[in-house]
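S.K.:
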Amino acid sequence: MENNKNPKEAQLEQFRVNNYGKKMTTNQGLKVSDDENSLKAGVRGPTLLEDFHLREKITHFDHERIPERVVHARGFAAHGEFELLKSMKEFTRAKFLQDVGSKTPLFIRFSTVVGSKGSADTVRDVRGFAIKFYTEEGNFDLVGNNIPIFFIQDAIKFPDMVHAIKPEPHNEIPQASSAHDTFWDFVANNQESAHMIMWLMSDRAIPRSFRMMQGFGVHTFRFVNEDGKAKFIKFHIKPFLGVHSLVWDEAQKIAGKDPDFHRRDLWENIEHGNIVEYGIGVQMIDEEDEFMFDFDILDATKIWPEELVPVQMFGKITLNQNVSNVFAETEQVAMHLGNIVPGIDFTNDPLLQGRLFSYLDTQLLRLGGPNFTEIPINRPVCPFHNNQRDGFSRQRIDVGQVAYHKNSLAGNTPSTSSWKEGGYVHYAEKVEGRVIRERSDSFLDHFSQARLFWNSMTKPEKEHITDAFIFEVGKVNSADVRQQVVDMFVNVDVGLATAIADAVGVNRPNGQQVNVTASSPALSQSNTPKYPYTLRVGVLIGSGFNGNEVKAVVNTLFQNGVAVDIVGEQLGSLMGADGVKVVLNKTFLTTSPVLYDSLYVVGGKAENQAKFNNDIEEFINEAYRHYKPIGVASTGETIFNNSKAKIGPGIVIASNSGTDFPNDFIQAITEQRFWDRTIY
Ligand code: HDD
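Residues in the sequence shown are numbered from 1 upward in steps of one, following UniProt numbering.
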């Protein structure tokens, strides 16, 4: 292993092949003399079966595709590492959680759930947040989401839920969207989904960036320490940049303008060496306290409010390397929450238990047999030995005569390990009960936490949720289903259900909301950290600008880690009034206001002044309606005044701010959205 490479990186390096500058060969290593023409009898004659090169090339091509994931098909991944900042030795014997400063390589795959592989990044959906930790004791996979709960309580309902949310089977419409009849019919008839729907309708489901999402293990797991003492735990991942979202109109437009918006954002930030960081921690509940709460801790539709059970942060996740080949790594990675290490264990959460079956099963199909653990991205960094043999595409060559246990011919090796020797021993939980197909009564309260979530939202967050419901339910053709949804969500909030009813043309609900007045401030995004770092500003510019003014602003943006696009009529360079030159990297045609967190309106001169002014006005109008900060240079004021934007929150005008402008503008960029703005 080279010194500067982590063990996983060193392992992957052995499999990387660079074809640049090499001679072309067949897969058998035979040098190819002509790759343009198939072998024929005469230049215009029939192609010959003898042409092994043609057959090999086309056969390989014919077999290039594998089934996409049945859910989470659209994903994007990166390499990184985990660093332990606080030892968890007291609670778990997991080796990678013992020594402060120890580092563990990891691979993370973000995804949407519903859309197929080629769908857009910014759709309204849950985001998958799956991490493979390559620990010295084997792979530990944390296969979570960016929402802390789930649609259903029991895995047996997963196929139903997915069939309902996927495109409808008779016409395969709509793509990557929950806004259709079958999904809302499922919701209204499976009311355990209520809490999850509140999250799905919230801004959490339209993240600004993978770098600005929380991650959750969702289920209740266990930590088990060296002495075999266990605690219930939930994993939490918190982004260094805070949790930020798009607005719905913007998200839909980005889906057209740049369907790769999230992957591009992650890719570019890693390529530029920007910090992509998250903290990781756990909530812990003592075994004795299992029944202390007014929710069941085994129910995956419930959170443990952070105010009741604080998150104890123990480490840092840094993403620092893009994949070399998306198919080899991102597509072939096989995440499975059954990949576990000593010191971490499962619970009787019935959703979790069903998942333990599903992942391996689906991977056998998707990756073509049981040897996918040998694919480089899936290999553990520690050695692995057992008596499993053969199967399609077996890579390793297990030598020797013996492939069974117990044996004497190989000294009874490979041998098992006790708990003390690092063997995985399942937690010896005492269980008793009758064989039964039934839901526990403690799982039946579907609305209290849905209302807790609602209570925890700020006014703009509530408005966004209401609008999202109105959008989604408004797309449901069946008036009966629309009515059922309204009648269901009155349990969460009468005002919400009434607003939906009015907007989607059904009767106002009769029922009452559940009597929950508590809120959990940790659930609102308004309390999240805010930084200008890596946000993107579009500088809208023509010639004749004030060079010193623009230079000072752009320098301040750079100093604060803000990314800048210089946007104008055409690519090339432009000259300011004082001879300062700028190079444009985007035009009004090749980019869009929805792709920026903020605009800096410089204005200036252009060949077609009317069109130029109009293009900028359109950018301003759109950014303004999306509540974004806008900075206006001295040369941009006329255009700004002609736009529909109004001076007010988040509008920073150079002639008002004077020399403070760069810093005032940075402050506005940091704030990101100005919800108290009046929209025309
Ligand atoms: Fe799942 C993929 C997360 C419930 C069955 N799931 C998958 C991925 C994530 C999750 C992030 C993509 C992994 C990757 O990037 O490769 N799934 C969750 C969470 C759940 C959940 C957080 C609830 C807490 N899933 C769930 C249930 C079942 C499945 C209840 C089945 C009973 N999930 C699958 C699957 C997938 C999958 C069919 C599709 C592709 C794959 O596994 O490898 O097995």
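A virtual CB, placed ideally from N, CA and C, is assigned to each residue, including glycine. Since we're looking at a predicted model, the values are computed, not measured.
Can you name, in chain order, every residue of its own chain whose Cβ lies under 7 Å from the Cβ of N386, other than the five neighbours on each side?
M.R.: Here residue 386 refers to the residue found at position 386 of the sequence shown. Excluding residues within five positions, the ones whose Cβ falls inside 7 Å are P414.
S.K.: In whole angstroms, what is the alpha-carbon distance linking G538 and I620?
M.R.: In the sequence shown, residue 538 corresponds to position 538, counting from 1. In the sequence shown, residue 620 corresponds to position 620, counting from 1. Rounded to the nearest angstrom, the two C-alpha atoms are 11 Å apart.
S.K.: From T92, R109, L85, pick the residue whose C-alpha is nearest to that of K103; which is it?
M.R.: As a first step, residue 103 is located in the sequence shown; it is residue number 103 there, counting from the start. Looking at the Cα atoms, L85 is the closest of the given residues.
S.K.: Apply the 10 Å Cβ neighbour rule to G315 and answer buried if 16 or more other Cβ atoms are within range, or exposed otherwise.
M.R.: As a working note, residue 315 is residue 315 in the sequence shown. By the neighbour-count rule (16 or more Cβ atoms within 10 Å), G315 is buried.
S.K.: From A654 to P460, what does the alpha carbon distance come to, in whole angstroms?
M.R.: Start at 1 with the first residue of the sequence shown, and residue 654 comes out as number 654. Start at 1 with the first residue of the sequence shown, and residue 460 comes out as number 460. Rounded to whole angstroms, A654 to P460 spans 29 Å at the Cα level.
S.K.: With DSSP as the reference, identify every bridge partner of residue 681, one or two as the case may be.
M.R.: The chain is shown from 1 up to 680; residue 681 falls before or after that span and cannot be answered.
S.K.: Reducing DSSP to helix, strand and coil, say where G144 ends up.
M.R.: In the sequence shown, counting from the first residue as 1, residue 144 sits at position 144. In the structure shown, G144 sits in a strand (DSSP, three-state: E or B).
S.K.: Based on the DSSP secondary-structure assignment, which residues constitute the bridge partners of G75?
M.R.: Mapped onto the sequence shown, residue 75 falls at position 75. In the DSSP output, where bridge partners are listed per residue, G75 has S111.
S.K.: Check each candidate in D34, F15, V17, H53 and name the one with the smallest Cα separation from Q28.
M.R.: By one-based count along the sequence shown, residue 28 stands at place 28. That would be H53, whose Cα lies nearest to the Cα of Q28.
S.K.: Going by DSSP, name the residue or residues bridged to F221.
M.R.: Start at 1 with the first residue of the sequence shown, and residue 221 comes out as number 221. Partner(s): I233.
S.K.: Near G658, which residues of its chain fall below 6 Å by C-beta distance, leaving aside the five closest residues on each side in sequence?
M.R.: The count along the sequence shown starts at 1 and reaches residue 658 at position 658. If we look at G658 and ignore the five residues flanking it on each side, it has no Cβ neighbours.
S.K.: Taking the DSSP output, what are the residues bridged to A130?
M.R.: In the sequence shown, the residue the question calls residue 130 occupies position 130. According to DSSP, which records beta bridges pairwise, A130 is partnered with R109, V143.
S.K.: Where does K430 fall in DSSP's three states?
M.R.: Within the sequence shown, numbered from 1, the residue matching residue 430 stands at position 430. Note: K430 maps to coil in three-state DSSP.
S.K.: Given a cut-off of 9 Å, decide if F140 and N225 are closer than it, judged by their beta-carbon atoms.
M.R.: The sequence position of residue 225 within the sequence shown is 225, counting from 1. The sequence position of residue 140 within the sequence shown is 140, counting from 1. In this structure, F140 does not lie closer than 9 Å to N225 by Cβ.
S.K.: Suppose contacts are defined by Cβ-Cβ distances below 9 Å. Is Q152 in contact with S193 by that definition?
M.R.: Translated into positions along the sequence shown, residue 152 becomes position 152. Translated into positions along the sequence shown, residue 193 becomes position 193. Residue identity differs from the one stated: residue 152 is Ile in this sequence, not Gln. Contact: yes.
S.K.: Return helix, strand or coil for M1, following the three-state DSSP convention.
M.R.: As a working note, residue 1 is residue 1 in the sequence shown. Confidence at M1 is low in this model, with a pLDDT of 40, below 50, so its placement is unreliable and the value that follows should be read with caution. In the structure shown, M1 sits in coil (DSSP, three-state: anything other than H, G, I, E or B).
S.K.: By the DSSP assignment, the beta strand (DSSP E) with Q321 in it spans what residues?
M.R.: Translated into the one-based positions of the sequence shown, residue 321 becomes position 321. Q321 -> beta strand (DSSP E) spans 312-322.
S.K.: Spatial neighbours of V553 within its chain, please: C-beta separation below 6 Å, excluding the five flanking residues on both sides.
M.R.: Here residue 553 is taken as the residue at index 553 of the sequence shown, counted from 1. Around V553: P662.
S.K.: Any contact of the segment 277-295 with the segment 439-450, i.e. 3+ C-beta pairs under 8 Å?
M.R.: Enough Cβ pairs lie closer than 8 Å, so yes.
S.K.: What is the residue span of the beta strand (DSSP E) that G14 lies within?
M.R.: Residue 14 sits at position 14 when you count from the first residue of the sequence shown. The question names Gly, yet the displayed sequence has Gln at residue 14. Element bounds for Q14: n/a, residue is neither H nor E.
S.K.: Would you call G281 buried or exposed, if buried means 16 or more other Cβ atoms sit within 10 Å of its Cβ?
M.R.: Taking the sequence shown and counting its residues from 1, one reaches residue 281 at position 281. It counts as buried.
S.K.: Helix or strand or just coil, what does DSSP make of Y424?
M.R.: If you number the sequence shown from 1, residue 424 lands on position 424. Of the three classes helix, strand and coil, the one that applies to Y424 here is coil, per DSSP.
S.K.: Helix, strand or coil for E168? Go by DSSP, reduced to three states.
M.R.: For this step, residue 168 is matched to residue 168 along the sequence shown. The answer is strand: DSSP assigns E168 an E or B state.
S.K.: Check whether the Cβ of D361 sits closer than 8 Å to any heavy atom of the ligand HDD, and report yes or no.
M.R.: In the sequence shown, residue 361 corresponds to position 361, counting from 1. Yes - the ligand HDD has a heavy atom lying nearer than 8 Å to the Cβ of D361.
S.K.: Strictly by DSSP, which residues pair up with A563?
M.R.: Looking up residue 563 in the sequence shown gives position 563. According to DSSP, which records beta bridges pairwise, A563 is partnered with R536.
S.K.: For G215 versus I237, is the C-beta spacing smaller than 9 Å?
M.R.: Along the sequence shown, one-based indexing puts residue 215 at 215. Along the sequence shown, one-based indexing puts residue 237 at 237. Contact flag set, yes.
S.K.: By DSSP's criteria, T283 is part of a beta bridge. Which residues make up the other side?
M.R.: Translated into the one-based positions of the sequence shown, residue 283 becomes position 283. Correcting the residue type first, residue 283 is Gln in the shown sequence and not Thr. Paired residue(s): K234.
S.K.: From A179 to V473, what does the alpha carbon distance come to, in whole angstroms?
M.R.: Start at 1 with the first residue of the sequence shown, and residue 179 comes out as number 179. Start at 1 with the first residue of the sequence shown, and residue 473 comes out as number 473. Between A179 and V473, the C-alpha separation is close to 7 Å.
S.K.: What's the call for T59, buried or exposed, on a 16-neighbour Cβ count within 10 Å?
M.R.: Locating residue 59 in the sequence shown gives position 59, counting from the first residue. T59 should be labelled exposed.
S.K.: Can you give the Cα-Cα distance for E671 and Y278, rounded to whole angstroms?
M.R.: For the purposes of this step, residue 671 is taken as the residue at position 671 of the sequence shown. For the purposes of this step, residue 278 is taken as the residue at position 278 of the sequence shown. Rounded to whole angstroms, E671 to Y278 spans 20 Å at the Cα level.
S.K.: Taking only heavy atoms of the ligand HDD into account, decide whether any of them is closer than 8 Å to the Cβ of I152.
M.R.: The count along the sequence shown starts at 1 and reaches residue 152 at position 152. Answer for I152: yes, Cβ within range of the ligand HDD.
S.K.: Quick one: measure Cβ to Cβ for N585 and I566, integer angstroms, because I've assumed they're closer than 8 Å.
M.R.: Here residue 585 refers to the residue found at position 585 when the sequence shown is read from its first residue. Here residue 566 refers to the residue found at position 566 when the sequence shown is read from its first residue. Their Cβ separation, rounded to whole angstroms, is 6 Å, which keeps N585 and I566 in contact under 8 Å.
S.K.: Report the CB separation of residue 734 from L367 in whole angstroms; it is logged as a contact under 8 Å.
M.R.: The first residue shown for the chain is 1 and the last is 680, placing residue 734 beyond what the model contains.
S.K.: As a quick exercise: from V326, G369, L298, pick the residue whose alpha carbon is nearest that of T347.
M.R.: Within the sequence shown, the letter at position 347 stands for residue 347. Selected option, being the one with the closest Cα: L298.
S.K.: Which of helix, strand or coil does DSSP assign to K103?
M.R.: Walking along the sequence shown from the start, residue 103 turns up at place 103. Looking at K103 - three-state DSSP - the assignment turns out to be strand.
S.K.: Take P649 and list the residues in its own chain whose beta-carbon comes closer than 7 Å to its own, dropping the five residues that flank it on each side.
M.R.: Against the sequence shown, residue 649 aligns to sequence position 649. Closer than 7 Å at the Cβ level, and outside the excluded window around P649, lie F674, D676, R677.
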